[in-house]
Amino acid sequence: MRIRRRQVLSGSAAGAVSLASGLAAPAIAANEPIKIGYLPALTGPSSSTGVGINRGVQLAVEDINNAGGVNGRKLELIVRDTQSDPTKAVNAVSELTQRQKVSMIFGPVNSGEALAATPLIARDKVPMLHPCWVDELIDVKKYPMAFRQAPTNSQIGGGANHYVVDVLKLKKVAVISDTTGYGTASVNTYVPMLKAKGADVVYTNHIDAANPDLKPEMLRMQSAGAQVIMPWSVNAGFLSRILNTRGAMNWDVPVVGQTTLGSGQTKALLEKPEYWNKVYSNNFRKCCYVDGKLPPLTAEYVERLKKAKIEFADTLLWWVALGWDGVRLMADVFKNGGTKAEEIVGYMNKVKDWPGVYGTVTWTPQQHNGFPDSEVVMCEVNSLKDGAFNLAPGYAS
Amino acid sequence: MLQSIVSYGLAVGAVYALIGITYNVMYSASRVFSFTAGMLGMLGGVLGALFIQKMGINAVLGFVMVLACGAVLGIVTELLTVRPVLKSIEQHLYVLSTLAFALMIQQVTAIEWGTEAQPFPVLLPIGEGWLDQKFWLPLLACAVTIGGLEFLYRYTLIGRAFLAIAEDNYAARALGLPETWLRIASFALAGMIGTLAGFTGAQMLLAFFGNQSILNFYGFVPVALGGMGSNRGAVIGGLALGLFQQAANFLVGGIFAAVAVFAVFIVVLLLRPEGIAGASTARRV
Amino acid sequence: MTEITTPIRAGGASTGWLGRLEGKLSWILLGLAGLALPLLDDSYMGTIATRAYIYWVLSAGLNLVVGYAGQIAIGWVSMLTLGAYTTAALAAGRVGPEWPVYLALLAGGGVGAVFGVVVGLPALRLRTFYFAMTTLGFATIATQVALAWKDVTGGGVGTPGPVFPWPFDPGWGFYYFCFLLAAVATWITANIGSSRYGRALVAIRDAEVAAEASGIAKPRLLVLIFLLAGALGGIAGGLFASLQSYITPDAFTFEMSVLFFIGILIGGRGSILGPALGTLILTVLPEIAAPLVQWSTFLYAALLLLIVLVIPGGIADLLDYRNRRPLEQHREIVPRPDLLPRVLGDQNARTLIALKGIRLHFGGVKAIDGLDLEIHGGEVHGLIGPNGSGKTTTLNVVSGYYRPREGSLRVDGSDLPFERPHVRAQWRIARTFQTPRVVGAASVLENVMIGGTVHGHGTFAESMLSLPRHRLDERVLREAAMLALATVGLESLASVRADRLQHSELRFVEIARALVLRPACLMLDEPAAGLSAEEIRRLGGLIKAISRAGTAVLLVEHHADLIFDICDRVTVLNLGKVLAAGTPEEIRSHREVVSAYLGA
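Residue numbers (the numbering used here), protein chains in the order written: chain A, 739 to 1135; chain F, 54 to 338; chain H, 347 to 946.
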């Protein structure tokens, strides 16, 4: 499936009409569609997350519109593919806020784009919902209209650190990353957090992801006495090299880290299937199997996905769920709060325990990070089935 | 640990050396530096994975098909991007035409093959460690290529014609050598060497569209340092670069390793613009 | 120069082609559109236009490097990176106290200027492709350093961009700020482009040897250009950081660098308007061609290939309607030697160039083997001999291209240093080349003006700002060049692109270019080759008249008739040695010469 930028999906012909009359002043009539600006990275490098989320987003919009929309108004998704390029994201933001006058913006997912887009969206006083994890995006003073339905990077790192230190009870940790912005920033944040938890970070380094040979790195981790490796990267090639080298060295050390460890791309690059054993990646409690079963709400959702014939071979459940939740959440906000910026923010500030498939969301006027720590968990990557994983061993169910 | 640095350094270095030779073969025939060298290396891996892994074609046949694709791409490069700008070579338009062509191919690869690295099949599982295909295959390919080229240049008529063209274009034409055909043949040969580099190195570097820019640069370094047109210089330079890079990765870590390679490249070039092997400047007037 | 009283003009006031604000109308329209855009009240268009202006601030400088000087700086995005981080870091107080934002922007420009020179300098030593690779290397290093230097750049998480305070605050204020800076960048680069510096850059690009012979010192010129292009790139970076609102290393991609580069080439080398339009198109195109977004790089590359193969002149060529008008078919070159005294001025002091004991070897071959030669002002000195006898080599020794192993070279008794070809023009030694070395993409007049580069007094900064001294330089030089063209009989072609001329006309263009220098010594390398008998006769008359005006003329030629017609002295070379020397009559009757060379 190839999705073009500015593809307008609304379940009716209204989308095409509104695109043509993009310059016209918006009339807020009772049956006008509600415009949602959507900034995914659907093409270009690291677009697999965006593609996965997009499946959930599109399905949710379709379902809501088929059921009559929100208070009789259809949802209209205005999509601009940012291609993970911050300059395109900035252009897109001004189109969405100024020309399309959207009620709310969902995205972007990639950190560089999200960091650039957020201040601009805030400047134009449009409420936004973040699926992105970068901590700096949420600041109730600077960006009072920005909310996050996803965990922060600190929560993600905290979850992994918690698993390593408190569940696996390992103290000597090697933390590594690739040389991208995401990788370096993660290591710089997580190492002090680990130390604060009393762990001993015996090795830390940024590694060029193009480097084909990680053996010297691994040997140094080994000789430093590392009991666990925590890699932070979204590069499947890099992560698979870590796992392959670990396997070739017969080094029986757990690898705990980024969700990409569990992606199909990483799996495809493994030299032997068993190299995927003892690998634990971040995941979210509501998207994990416990005793072979998903939580009831999630199971119901997966049935819905199967009915819609959503492809799972190349994506993950939580990606799709994240997009699905985002649209459902915004629809609820429109329905119960309204579609004006202050109505939206006023309602969102009071959302409590909103039951999502991806996570339970709670916001307060002081805290716009809505994802609970308790739902950030680790999973066993070799248990991948229908885009979801088993909860890693050691968690109390 | 030393073994790891040396084995990977040599294997990666052999790939760089082969890309360097690809630059050289094209340069000798046309006085053109072509940005397509890295593209050929990238495609060697991607096409190999496509034919053998995805389409399930027999490995030998797949290998031959990859080389054939390389030859065809080499010829297309010559026809499309080199020949039209050759008459005004002093304007260096070839830099732009070959860059444009390479970018187009890379973009098509990114869209059709995907932007994620994909696996390359193990073809000859004869052992571990040094016997692992990913180490010896690039080295073997490099040795075979350099041996083959030496044989071609020394003992065959067509090889001597290549040399004559490389030495002096005008004189060769005056001797009645079919310069155009020799140039096409050189580009086809370069296409095969480039894809060979990518094919043999792909186990290590994976089938990944981003390898193009990496190979373009790291394949050029041995040429620049070893003296352009010198295949032996390229091999020595390539292996040295591979070892240096792995050692730098190990000693100073990812971010600074890349900076170190680039910095050494620039400094050496500034000190010795003609490369370490050195050659005098051409007559200008 | 007061003696020039009769103005000689080609039709129309504007005779330049390069760097002239081609079609002032286009600029006025672009400017009005830019000023009026806010009336539409569409911030989206404002953002796109602001981005185009910012990219153009960088590209305007890069245009001088790529389009004018022909240096393939693919990785110029590093200037944007440096400027962006410098401005952002200083404004945010990541280095010392918080700087005022406008001052931080200036600092960004300063850092850009310094690193522009650092990145650009390898161009002096390296071949084209090598240089292209080093610029890419620098671009990679800049990004890696931005990632690693966390305290200043924020590392992978990045740093907020600066926000300009009133009157250029975000929105239309910032829009006008970028518009203003783009206009300034256009103005100063257009000033440079149409000055002697711009002509010198293009000469370095297309006819480097002739540029040196005209006294153009490549290193100094390129350093100035890299300073300017780096400064503009740095300022563009500061503006970029503000437009983006937040910068991370992944915003500075190779694709962006390629975009700048291709925009310039699509626009056309040696033009200002073309690259401006090219940059504008490439910035706006992806916004319009929405369904093709993932193919955008492919389309840029295809466009580049198309331009290189089909219209190497780019948009500027398409806009240059004047040079598509057909030229008169049967043109005649009618020199007017009577104008020579006005061209050459007083030549009372008769120069004497003396070569003594010159020996020069190429490997084992003795190219010149103990040559003594004297060239006197007011005389035509013929240098003949079979191929390979060392005629052109002798000329190249005087021009400074070769350093002989031994011997001396004196002008009026003082030593002329060997090598260093670009100092010859200061000694007022001019020359022509066996195959004419002219800048095909420049007008005939501009080509001739290149010959007078050393006569300019204005500095680079004065040219940049078009100050009075620069304007005086230009006027004087233009008049001198028109006079020289009239002298050789080509003034009617002054505004024509040089690559449209016939071969014989190019020979006379080269002579005109040499005359503009007011040479004390003029060296002609086979000027009659390829000319018709009638043209050779006229050439002979012109050369003789040049010598009679006081210039020392050294004539390397194969046409025996021409030599014996006009030379006052003749030296015959064989195997790098003087075979015979004397008056034409003496040579004509010299037995060895007759048997060895004249073949009669």
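Think of the CB as a built atom: it goes at the ideal place given N, C-alpha and C, for glycine as much as any other residue.
Computed from a predicted structure; not experimentally measured.
In this structure, proline 865 of chain A lies near serine 841 of chain A, with their beta-carbon atoms less than 9 Å apart. The residue among A:Lys933, A:Thr1100, A:Val1115 and A:Thr1036 with its C-alpha nearest the C-alpha of threonine 997 of chain A is A:Val1115.
Judged by DSSP secondary structure, serine 978 of chain A falls within the alpha helix (DSSP H) whose first and last residues are 974-986. Isoleucine 967 of chain A: member of the beta strand (DSSP E) spanning 966-970, first to last residue.
Within 7 Å of the CB of tyrosine 390 of chain H, the CB atoms of chain A belong to Ser832, Glu833, Gln836 and Arg837, in sequence order along the chain. Linking valine 288 of chain F to arginine 566 of chain H through their CA atoms gives a straight-line distance of about 38 Å. Assigned with DSSP and collapsed to three states, isoleucine 657 of chain H falls in coil, not helix or strand. A Cβ of chain F is located within less than 9 Å of the beta carbon of serine 785 of chain A. Within the segment 860-913 of chain A, the complete beta strand (DSSP E) segments at least 3 residues long are 866-868 and 884-886, listed from N- to C-terminus. Of all residues in the segment 144-160 of chain F, only His145, Leu146, Val148, Leu149, Ser150, Ala153, Phe154, Leu156, Met157 and Gln160 come within less than 7 Å of chain H when Cβ atoms are compared, listed by chain position. For the C-beta of proline 950 of chain A, the chain F residues within less than 7 Å are, from N- to C-terminus, Tyr61, Val65, Met257 and Leu258. The Cβ atoms of isoleucine 593 of chain H and alanine 852 of chain A lie no closer than 9 Å to each other.
Shortest Cα-Cα distance from glycine 579 of chain H to any of H:Ser617, H:Thr917, H:Val411 and H:Arg471 involves H:Val411. Residues of chain H whose Cβ lies closer than 7 Å to the Cβ of proline 137 of chain F are, in chain order, Leu655.
Contact between the segment 873-882 of chain H and the segment 806-820 of chain H is absent, with fewer than three C-beta pairs closer than 8 Å.
In summary, glutamine 640 of chain H is buried, with 16 or more beta-carbon neighbours lying within 10 Å of its beta-carbon over all protein chains present. Taking a beta-carbon distance threshold of 9 Å, leucine 404 of chain H does not count as an interface residue toward chain A. Cβ contact annotation for threonine 625 of chain H (same chain, cutoff 6 Å, sequence separation greater than five): Tyr401, Trp402, Ser405 and Gly609, in chain order. Using a Cβ-Cβ distance cut-off of 8 Å, the segment 283-299 of chain F and the segment 487-498 of chain H are not in contact, since fewer than three pairs of beta carbons, one from each stretch, lie closer than that value.
Close CB contacts of cysteine 913 of chain H within its chain, under the 6 Å cut and outside five residues either way in sequence, are with Val726, Gly728 and Pro930 (chain order). Counting only the Cα atoms, phenylalanine 572 of chain H lies some 39 Å from aspartate 951 of chain A.
When beta bridges are read from the DSSP output, asparagine 949 of chain A appears opposite no residue. The Cβ atoms of glycine 416 of chain H and isoleucine 618 of chain H lie no closer than 9 Å to each other.
In the three-state DSSP reduction, leucine 381 of chain H falls in the helix class (H, G or I). For threonine 917 of chain A, the residues of chain H that pass the 8 Å Cβ criterion are Gln490 and Leu493, in the order they occur in the chain. Nearest CB-CB separation between lysine 826 of chain A and chain H: below the 9 Å threshold. Rounded to whole angstroms, the gap between the alpha carbons of isoleucine 110 of chain F and glycine 244 of chain F is 21 Å.
Using a 10 angstroms sphere on the CB of histidine 803 of chain H, the tally of other CB atoms stays under 16, which defines it as exposed. Aspartate 938 of chain A carries a strand assignment under DSSP once its states are collapsed to helix, strand and coil. Cβ-Cβ separation between glycine 922 of chain H and serine 735 of chain H: approximately 7 Å, consistent with a contact (criterion under 8 Å). As DSSP reads the structure, tyrosine 776 of chain A sits in a beta bridge with A:Val817 and A:Phe844. Of all residues in the segment 758-778 of chain H, none has a C-beta nearer than 8 Å to a C-beta of chain A.
Cβ-Cβ distances below 6 Å link valine 1083 of chain A to Pro865 and Met883 in the same chain, with the five nearest sequence neighbours on each side left out; the list follows chain order. For alanine 1006 of chain A, the closest Cβ of chain F is nearer than 9 Å. Residues of chain H with a Cβ closer than 9 Å to the Cβ of glycine 788 of chain A do not exist; the shortest Cβ-Cβ separation is about 12 Å. Between serine 735 of chain H and chain A, the shortest Cβ-Cβ separation is not below 9 Å.
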